[in-house]
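So the sequence shown is residues 0 to 83, counted in numbering that gives the first Met the number 0.
For each residue, glycine too, the CB sits at the ideal point set by N, CA and C.
Just so you know, these numbers come straight off a predicted model, no measurement behind them.
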Amino acid sequence: MTYNDTRQKTRNAVLTVDGQEKHVASVSVSLRPGRSLSISVDVPNDVKLTDKQRADIAAGFKAFLAECVNEAIAEGVPVPAMAE
């Protein structure tokens with residue numbers, strides 16, 4: 000039996016609504032060094048965001064994904080360049 004070296008990172012966006020925290024989005028990245036990079040984005044159906052909230056979340060996720068892509072490249076995963 001062999002085991003793959005897989006690393007997973009997740010970034011969650013949580014907003015406080017009426018004094019309670021609410022999960023509004025998440026992005027997960029699974030890295031298999033030298034082999035692959037998988038990205039999954041989850042946004043629940045009932046989420047309603049303002050344009051500013053959406054932009055703030057997108058900026059945070061973009062920075063997180065750039066970090067993960069750079070890590071994947073350093074680990075030998077053939078990843079195309081991200082567009083700005």
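*Beta carbon of L64, beta carbon of V13: below 9 Å?*
No, they are not a contact pair.
*With DSSP run on the structure shown, which of helix, strand or coil describes D41?*
In this structure, D41 counts as strand in the three-state DSSP scheme.
*Out of V78, K51 and A57, which has the shortest C-alpha to C-alpha gap to D41?*
Across the set V78, K51 and A57, the C-alpha of A57 shows the shortest separation from the C-alpha of D41.
*Between I38 and the rest of its own chain, which residues show a CB-CB distance below 6 Å, the 5 nearest in sequence each way excluded?*
Result list for I38: V28, in chain order.
*So does the region 67–79 actually touch the region 47–54, counting three or more Cβ pairs closer than 8 Å?*
Taking one beta carbon from each stretch, the region 67–79 and the region 47–54 have fewer than 3 pairs nearer than 8 Å; the two do not touch.
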